[in-house]
Amino acid sequence: MDNDRYNPAEIENKWQQEWARRGLHETDLQDDKRPKYYNLVMFPYPSGDKLHLGHWYNYAPADSFGRYMRMMGHNVFEPMGFDSFGLPAENYAIKTGVHPAASTAKNVEYMRMQLRKMGTMYDWDKEIVTSEPDYYKWTQWIFLQLYKKGLAYRKKAPLNWCGGCMTVLANEQVQEGHCERCNSEVEQKEMAQWFFKITDYTEQLLDHSELDWPEKTILMQKNWIGRSEGIDISYEVEGIEDKITCFTTRPDTNFGATFIVVAPESEFVKRNKANFIDLVKIEDYIARSNKKTELERIAEGGKKTGVDTGLKAINNLTGAKLPIFVSDFVLANVGTGCVVGVPGHDIRDFEFALAKGLEIIRVVIGKDGDKSKITRPEQVQEDAGIMINSEFLDGMEIMKAKEAIMDHLEKKGWGKRVVNYRLRDWLISRQRYWGAPIPIVFCDECGEVPVEEAELPVMLPDVKDYKPKGKSPLETNEAFVNVKCPKCGGEAKREVDTLDTFVCSSWYYFRYVCSEMKDKPFSNAMADKWLPVDMYIGGPEHACMHLLYARFIHKVMHDLGYTKHKEPFKKLVHQGLITKDGAKMSKSKGNTVSPDEFVENYGADVFRMYLMFMGPFTDGGDWNDKGITGTARFADKFWKLILTVNEPENEAQAETLLHKTIKKVSDDISKMQFNTCISALMEYTNNAQKIGLNEGHKKSVIKLIAPIAPHLAEELWHRLGEKECVFNEEWPTYDKELIVEDTVEIAVQVNGKVRGSLVIEADASKEKVLKAAKEILNVAKHLSEGALKKEIYVAGKIVNFVVL
RNA sequence: GCCGAGGUGGCGGAAUUGGUAGACGCGCUGGACUUAAAAUCCAGUUUGGUUUACUCCAAGUGCGGGUUCGAUUCCCGCCCUCGGCACCA
Numbered sequence: 013m014d015n016d017r018y019n020p021a022e023i024e025n026k027w028q029q030e031w032a033r034r035g036l037h038e039t040d041l042q043d044d045k046r047p048k049y050y051n052l053v054m055f056p057y058p059s060g061d062k063l064h065l066g067h068w069y070n071y072a073p074a075d076s077f078g079r080y081m082r083m084m085g086h087n088v089f090e091p092m093g094f095d096s097f098g099l100p101a102e103n104y105a106i107k108t109g110v111h112p113a114a115s116t117a118k119n120v121e122y123m124r125m126q127l128r129k130m131g132t133m134y135d136w137d138k139e140i141v142t143s144e145p146d147y148y149k150w151t152q153w154i155f156l157q158l159y160k161k162g163l164a165y166r167k168k169a170p171l172n173w174c175g176g177c178m179t180v181l182a183n184e185q186v187q188e189g190h191c192e193r194c195n196s197e198v199e200q201k202e203m204a205q206w207f208f209k210i211t212d213y214t215e216q217l218l219d220h221s222e223l224d225w226p227e228k229t230i231l232m233q234k235n236w237i238g239r240s241e242g243i244d245i246s247y248e249v250e251g252i253e254d255k256i257t258c259f260t261t262r263p264d265t266n267f268g269a270t271f272i273v274v275a276p277e278s279e280f281v282k283r284n285k286a287n288f289i290d291l292v293k294i295e296d297y298i299a300r301s302n303k304k305t306e307l308e309r310i311a312e313g314g315k316k317t318g319v320d321t322g323l324k325a326i327n328n329l330t331g332a333k334l335p336i337f338v339s340d341f342v343l344a345n346v347g348t349g350c351v352v353g354v355p356g357h358d359i360r361d362f363e364f365a366l367a368k369g370l371e372i373i374r375v376v377i378g379k380d381g382d383k384s385k386i387t388r389p390e391q392v393q394e395d396a397g398i399m400i401n402s403e404f405l406d407g408m409e410i411m412k413a414k415e416a417i418m419d420h421l422e423k424k425g426w427g428k429r430v431v432n433y434r435l436r437d438w439l440i441s442r443q444r445y446w447g448a449p450i451p452i453v454f455c456d457e458c459g460e461v462p463v464e465e466a467e468l469p470v471m472l473p474d475v476k477d478y479k480p481k482g483k484s485p486l487e488t489n490e491a492f493v494n495v496k497c498p499k500c501g502g503e504a505k506r507e508v509d510t511l512d513t514f515v516c517s518s519w520y521y522f523r524y525v526c527s528e529m530k531d532k533p534f535s536n537a538m539a540d541k542w543l544p545v546d547m548y549i550g551g552p553e554h555a556c557m558h559l560l561y562a563r564f565i566h567k568v569m570h571d572l573g574y575t576k577h578k579e580p581f582k583k584l585v586h587q588g589l590i591t592k593d594g595a596k597m598s599k600s601k602g603n604t605v606s607p608d609e610f611v612e613n614y615g616a617d618v619f620r621m622y623l624m625f626m627g628p629f630t631d632g633g634d635w636n637d638k639g640i641t642g643t644a645r646f647a648d649k650f651w652k653l654i655l656t657v658n659e660p661e662n663e664a665q666a667e668t669l670l671h672k673t674i675k676k677v678s679d680d681i682s683k684m685q686f687n688t689c690i691s692a693l694m695e696y697t698n699n700a701q702k703i704g705l706n707e708g709h710k711k712s713v714i715k716l717i718a719p720i721a722p723h724l725a726e727e728l729w730h731r732l733g734e735k736e737c738v739f740n741e742e743w744p745t746y747d748k749e750l751i752v753e754d755t756v757e758i759a760v761q762v763n764g765k766v767r768g769s770l771v772i773e774a775d776a777s778k779e780k781v782l783k784a785a786k787e788i789l790n791v792a793k794h795l796s797e798g799a800l801k802k803e804i805y806v807a808g809k810i811v812n813f814v815v816l
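Heads up: take any position in the first sequence, counting from 1, add 12, and you land on this note's numbering.
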């Protein structure tokens, strides 16, 4: 046997097989007495890329953390699966001409092999593949539960349409006007589609109090949900019966209102067309703005357009007449789709007033006084302004005025306090082939009828041509489409759209712990025992998609009584993003890096250590492989240290070195600071090489390296004569007494500049330290340059003499 | 525009509550071993000066101020990079 070098090719494969043979990673979900620890990573979706570098960067450290928790005495559950429905798999199938069922199966198989080579402790017995009928059966079942609760509904509404993917998209999947998947520009279309009523859960979703999540992520969800408190104010309109209602968060400025603007698509416009002064002009304007995409509207920026309706609303407060305009800078789905214009204090209203030559009134002054010339709108912060020109509000602070005016408006019956949200219902239907069919049939007699639960799954049918055409390809399979109505038995047609894959992935963590149940989706006993997920690791890009959807579905399942837990993921950590030459890796840019060749050349342990050593786990960084030789050398050095270095001359010194390392490694790994954890092990290796280590030290340090280099550790552990797996060992503990050094090095400063240092017993008195400090030649030289004013001594660290 | 995170050697990065800036690693330079190379080992490596002396001095954590005996760390004002949201009333 070679004692010089760590030979991964032979050793890693051996232990992967041996671990599987011994069932080391099978978690007993039922009876294990140890405290449970559910350690989860976001499961991958199969595509042509297979597992790339980013997956390794996510999964390998997460697995190291799981192994550490196991050695800390937990019953760790680390499952893995594949989010195999959806666009990446389908697009790959279309590109290669291989049916998605076949290509997905092949990619999944390849990815399983990659995950095994990583040396992860996944419990493959509980694997989930979301495109398998035994999984999507329950995805459909969840749809039916929401349907029965009135939380799933079909409605005609203006939607985001991606011409590239030929399907509708949820708001969450539109990024800066482009499709999240294919980057095509998104258009608006009006269509009948399926939604989940996530807006029923806005307040619950805003409550993150039970969660140990990054602040950033919580903030992103809060911003996405976008809660704003305000008031709906209703105005009489001259000459007609209808009233106009405007939502505002700044009713304090209402004395400064000089006009009203309504969205082209707003209900007010639809109701009152007959009363408009120039309907032709308005219809023309509406037609033109309908043609614009959201992007075009945004691109126009400050350029405000609009048409006067000729109607005038009466400001309840002042009796002033407010002309009503139609303009596309107002969005129909925000608030009431009607906005009261206060050009003195809102940039958009100001721009509109300038374009239309409307009056501008100032009603708030900043604390620095009045600016009589109104050349720009002044958006005064809510905590820094005083009301003027506003009758009974004059002199009040803004916040106080806001409450006063809302009380006044409500008392008079002119307004009603409301809370407005940015979040819209989740659009879940897709006009694509590779997804779970929606279990609904349409009957001429009975209308929309849910499929009986006993009939699930509604199998995804085979179709010849699964390419997207703007209508679901399922439509072409007549045997699938034409069915009997479950209610009346008459002729009926199936819903042909499929579910958004985010529906599949919104409950997989729940299924893992219930995956042993074949005849039902959930088990309360298992859910209560194993949820919530203790540690969830994945990318931050899911903050307002998967992580929001999963919380929503979980809360519905909670309300339906399937779990006592209110949240799915207790602790959340985002790994950083790995870029290549500063850009996000993607196949289209051709800058992806495959992990396979590195595993081939250096072994999984060296590669995973390098990924962890690159920098902080949560930071990510730009990929280059230059430093990998460093961790490869370290693996060899560690190997040699264990197999060739002998007893220390100074036992106490070796003991102290070990215990300091145990402390550092334990602290770092528990905080996921893998980079400094590895450097501590490197330091230990360098030092121990010089001073020596005994058998006990070797065993301890093997345990320390085990989570981060599992194969290397297991092999060395057995070479020292052990028969059990090192991962069944307990994590080493350190002795506080032993890590305290007898002597300390103290820096000596004069006027804050280091002029020398001294090594002295740790328990030396202040007097003794100061005396010794003054005797240092260079220190004495600087002290002689003036009179000693002050002596500062921080025990064990620093001395500073202040000299004038 | 708004919200959030961050700027440290040639490079990745490290620095308990303010207490010796640059740990660990890469790269580079010199040396040992070798016929030679690789591998390995040893020494050096912030910049600029300076000394018989690894001696000492000065500057230095994006820029400019401030607080402090002492600031990468705290405060104020800028610049830049990245992430999110964006005509949300």
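Every residue gets a Cβ at the ideal spot worked out from N, C-alpha and C, and that includes glycine.
Requested in this report: Look at the Cβ atom of residue 795, then the Cβ atom of residue 762, and state whether they are nearer than 8 Å.
Outcome: Translated into the one-based positions of the first sequence, residue 795 becomes position 783. Translated into the one-based positions of the first sequence, residue 762 becomes position 750. Taking 8 Å as the Cβ cut-off, residue 795 and residue 762 qualify as a contacting pair.
Decide if residue 728 is buried, meaning its Cβ has at least 16 other Cβ atoms within 10 Å, or exposed.
Start at 1 with the first residue of the first sequence, and residue 728 comes out as number 716. Answer is buried; the Cβ neighbour count reaches 16.
Item to complete: Could you give the DSSP three-state label for residue 761: helix, strand or coil?
Response: On the first sequence, position 749 is the one that residue 761 refers to. Of the three classes helix, strand and coil, the one that applies to residue 761 here is strand, per DSSP.
(Q) Am I right that residue 180 and residue 506 are in contact with their C-beta atoms under 8 Å? What's the rounded C-beta distance? (A) Here residue 180 corresponds to residue number 168 of the first sequence, with the count starting at 1. Here residue 506 corresponds to residue number 494 of the first sequence, with the count starting at 1. Wrong, their Cβ atoms sit about 18 Å apart, outside the cutoff.
Per DSSP, what are the beta-bridge partners of residue 172 in this structure? Walking along the first sequence from the start, residue 172 turns up at place 160. Answer is 181, 200, bridged to residue 172.
Residues that DSSP places opposite residue 503 in a beta bridge: Counting from 1 along the first sequence, the entry for residue 503 is found at position 491. For residue 503, which the question treats as bridged, DSSP gives the partners 496.
Subject >> Coarse secondary structure for residue 95, derived from DSSP in three states >> reply: The residue labelled residue 95 in the question sits at position 83 within the first sequence. In this structure, residue 95 counts as coil in the three-state DSSP scheme.
- What's the call for residue 170, buried or exposed, on a 16-neighbour Cβ count within 10 Å? Against the first sequence, residue 170 aligns to sequence position 158. The residue is exposed, with fewer than 16 neighbouring Cβ atoms inside 10 Å.
- [ ] Give the single residue among 533, 318, 449 whose Cα lies nearest to the Cα of residue 513.
- [x] The residue you call residue 513 lines up with position 501 of the first sequence. The residue with the shortest Cα to Cα distance from residue 513 is 449.
Could you check whether residue 56 and residue 67 sit closer than 8 Å to each other, using their CB atoms as the reference points?
Walking along the first sequence from the start, residue 67 turns up at place 55. Walking along the first sequence from the start, residue 56 turns up at place 44. Result yes, Cβ atoms of residue 67 and residue 56 sit closer than 8 Å.
Q: Count the other C-beta atoms from every protein chain shown that fall within 10 angstroms of the C-beta of residue 292, then say buried if there are 16 or more, exposed otherwise.
A: Along the first sequence, read from residue 1 onward, the residue named residue 292 stands at position 280. It is exposed - the Cβ of residue 292 has fewer than 16 other Cβ atoms within 10 Å.
Quiz prompt | Beta-bridge pairing of residue 335 - partner residues as DSSP gives them | solution = Counting from 1 along the first sequence, the entry for residue 335 is found at position 323. Per DSSP, 324.
>> Here's a check: name, in chain order, each residue in its chain whose Cβ is nearer than 8 Å to the Cβ of residue 606, leaving out the five neighbours to either side.
In response: For the purposes of this step, residue 606 is identified with residue 594 of the first sequence, where counting begins at 1. These residues qualify, in order along the chain: 62, 64, 65.
If distances are taken between C-alpha atoms only, which option among 18, 88, 71, 53 comes closest to residue 541?
In the first sequence, residue 541 corresponds to position 529, counting from 1. Checking every option, the nearest Cα to that of residue 541 belongs to 88.
*Who pairs with residue 137 in a beta bridge, going by DSSP?*
Here residue 137 corresponds to residue number 125 of the first sequence, with the count starting at 1. In the DSSP output, where bridge partners are listed per residue, residue 137 has none listed.
- Task: Take every Cβ of the segment 67-83, pair it with every Cβ of the segment 611-627, and state whether three or more of those distances are shorter than 8 Å.
- Result: yes
### Task
Could you check how far apart the C-beta atoms of residue 242 and residue 260 are, in whole angstroms? I think they sit under 8 Å.
By one-based count along the first sequence, residue 242 stands at place 230. By one-based count along the first sequence, residue 260 stands at place 248. So it is a contact: roughly 5 Å between Cβ atoms.
Q) Going by the C-beta, is residue 415 closer than 7 Å to any heavy atom of the ligand PLP? A) Judged by which ligands are present, the structure shown has none, so any question about the ligand PLP falls away.
Looking only at its chain, what residues have a beta carbon closer than 8 Å to the beta carbon of residue 690, apart from the 5 residues adjacent to it on each side? Start at 1 with the first residue of the first sequence, and residue 690 comes out as number 678. Cβ neighbours of residue 690 beyond the five flanking positions: 621, 624, 625, 643, 646, 720.
If we count the other Cβ atoms within 10 Å of its Cβ and call it buried at 16 or more, is residue 90 buried or exposed?
Here residue 90 corresponds to residue number 78 of the first sequence, with the count starting at 1. Residue 90 should be labelled buried.
Exposure label - residue 715; buried when at least 16 CB within 10 Å
One-based indexing of the first sequence puts residue 715 at position 703. So residue 715 counts as buried.
Q) Can the beta-carbon of residue 432 be found closer than 8 Å to that of residue 240? A) Here residue 432 corresponds to residue number 420 of the first sequence, with the count starting at 1. Here residue 240 corresponds to residue number 228 of the first sequence, with the count starting at 1. Result yes, Cβ atoms of residue 432 and residue 240 sit closer than 8 Å.
Open item on the list: I need the straight-line Cα distance from residue 805 to residue 778, nearest angstrom please.
Closed with: Within the first sequence, residue 805 is the residue found at index 793, counting from 1. Within the first sequence, residue 778 is the residue found at index 766, counting from 1. C-alpha separation (whole angstroms): 7 Å.
request  = Whole angstroms is fine: what's the gap from residue 497's alpha carbon to residue 457's?
outcome  = Position 485 of the first sequence, counted from the first residue, corresponds to residue 497. Position 445 of the first sequence, counted from the first residue, corresponds to residue 457. When rounded, the distance between both Cα atoms is 9 Å.
Please classify residue 81: is it buried, with 16 or more other beta-carbons within 10 angstroms of its beta-carbon, or exposed?
Taking the first residue of the first sequence as 1, we reach residue 81 at position 69. With 16 or more other Cβ atoms within 10 Å, it is buried.
Minimum C-alpha distance to residue 559 - residue among 282, 574, 768, 519: As a first step, residue 559 is located in the first sequence; it is residue number 547 there, counting from the start. For the residues 282, 574, 768, 519, the minimum Cα distance to residue 559 belongs to 519.
- Around the Cβ of residue 692, are there at least 16 other Cβ atoms within 10 angstroms (buried) or fewer (exposed)? The residue given as residue 692 occupies position 680 in the first sequence. That one is buried.
Are the beta-carbon atoms belonging to residue 571 and residue 50 less than 8 Å from one another? In the first sequence, the residue the question calls residue 571 occupies position 559. In the first sequence, the residue the question calls residue 50 occupies position 38. Not closer than 8 Å, so no.
Review point. Based on Cα-Cα distance, which residue from 298, 186, 332 lies nearest to residue 272?
Key: Locating residue 272 in the first sequence gives position 260, counting from the first residue. The residue with the shortest Cα to Cα distance from residue 272 is 332.
*List the endpoints of the continuous beta strand (DSSP E) containing residue 804.*
Taking the first sequence and counting its residues from 1, one reaches residue 804 at position 792. Note, residue 804: beta strand (DSSP E), 800-806.
Exercise. Do residue 158 and residue 465 have their CB atoms nearer than 8 Å?
Worked result: Stepping through the first sequence from its first residue, residue 158 is reached at position 146. Stepping through the first sequence from its first residue, residue 465 is reached at position 453. Cβ atoms of residue 158 and residue 465: not closer than 8 Å.
If you compare alpha carbons, which of 266, 614, 537, 446 is closest to residue 476? Working through the first sequence from its first residue, we reach residue 476 at position 464. Per the Cα distances, 446.
Worksheet item: Between the C-alpha atoms of residue 326 and residue 251, what's the straight-line distance to the nearest angstrom?
Response: Your numbering for residue 326 matches position 314 in the first sequence. Your numbering for residue 251 matches position 239 in the first sequence. So the alpha carbons of these two residues sit roughly 11 Å apart.
Exercise. In the DSSP assignment, find the unbroken alpha helix (DSSP H) run with residue 33 in it and report its ends.
Key: Counting from 1 along the first sequence, the entry for residue 33 is found at position 21. Where residue 33 is concerned, the enclosing alpha helix (DSSP H) stretches over 20-34.
| said: Residues in the same chain with beta-carbon distance under 6 Å from residue 303, minus the five sequence neighbours each way, listed in chain order, please. | reply: Taking the first sequence and counting its residues from 1, one reaches residue 303 at position 291. If we look at residue 303 and ignore the five residues flanking it on each side, it has no Cβ neighbours.
Worksheet entry | Complete runs of the alpha helix (DSSP H) confined to the segment 205-238 [at least 4 residues] | 214-218, 227-237
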